[in-house]
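Letter by letter, the sequence shown follows residues 1 to 174 in the UniProt record's numbering. Glycine included, every Cβ here is placed at the ideal spot set by N, Cα and C. Here the structure is a predicted model, which is why all the values come from computation and not from measurement. Have a look at the structure below before the remarks.
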Amino acid sequence: MVSCTSSLQGFGGLLALFHPDVRAKPRRVGCLVSPTPGTLHSVESRTAFELTLPAHADAITCVRHLLEGLEGRWDVTREQLDDIQIATIEACTNVVIHAYRDREPGLLEVHGGVDDGHPTIAVRDHGTGIVPRTDSPGLGVGLPLMGALTDDLHIGVAPDGAHEVRMRFPRRPA
């Protein structure tokens with residue numbers, strides 16, 4: 001089970017998230033760092049974050065809580081935040097179910113921020129990438145759903161070799 005606590009100083013309502021096998025220690029205000037995966041970093045501004053967790057099903061709960069904490073930090077409506085959560089949770093679930101199939105689970109990375117008023121989320125892994133599965137436990141609606149909820153959806157390989165789903169969401173309506 002994942003432990004989530006609201007003790008992250010300097011990063012407002014966002015939650016300090018860590019896996020139960022990790023002893024996270026504050027290194028500086030606004031940043032929790034641990035010696036093993038399960039870290040949340042606030043990055044240079046009050047709107048950006050990087051989260052790294054083991055790619056287990058319970059990590060989805062931490063991602064969901066982190067995203068919920070963005071209300072009031074990102075200039076989005078409640079409906080927009082719901083869309084961001086749905087698309088991000090879908091991408092994270094794909095990592096948990098598909099990325100490390102037939103091997104030990106690796107890491108799930110979620111990076112978020114605001115670019116020119118557009119909320120952006122990148123979900124990354126170092127697994128197998130997208131490969132056809134005849135035994136897939138899913139319904140096959142995740143990628144089309146992500147596409148419908150975003151202004152731009154990019155699926156590919158990052159320069160560091162990570163498989164990445166990068167989503168850019170609409171700006172807040174005027």
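Residue from the options with nearest C-alpha to residue i
{"i": "G112", "options": "V157, N94, I89, P105", "result": "I89"}
{"i": "L70", "options": "R103, A158, T47, D152", "result": "T47"}
{"i": "V76", "options": "V95, E104, G117", "result": "G117"}
{"i": "C92", "options": "R103, C62, R73", "result": "C62"}
{"i": "L108", "options": "P119, G129, D115, P144", "result": "G129"}
{"i": "T120", "options": "L67, A55, H56", "result": "L67"}
{"i": "R166", "options": "L153, A174, H65", "result": "L153"}
{"i": "Y100", "options": "G72, P54, I155, D160", "result": "P54"}
{"i": "V114", "options": "P144, N94, A158, R73", "result": "R73"}
{"i": "A87", "options": "A162, L143, G161, A174", "result": "L143"}
Anticipated Cβ contact below 8 Å, residue i with residue j, distance rounded
{"i": "P170", "j": "Q80", "result": "7 Å"}
{"i": "V96", "j": "A59", "result": "7 Å"}
{"i": "G106", "j": "D125", "result": "6 Å"}
{"i": "D151", "j": "R168", "result": "5 Å"}
{"i": "V110", "j": "L51", "result": "4 Å"}
Sequence ranges, beta strand (DSSP E) only - wholly within the UniProt domain "Histidine kinase/HSP90-like ATPase" (54 to 168), length at least 3:
107 to 115, 118 to 125, 152 to 157, 163 to 168
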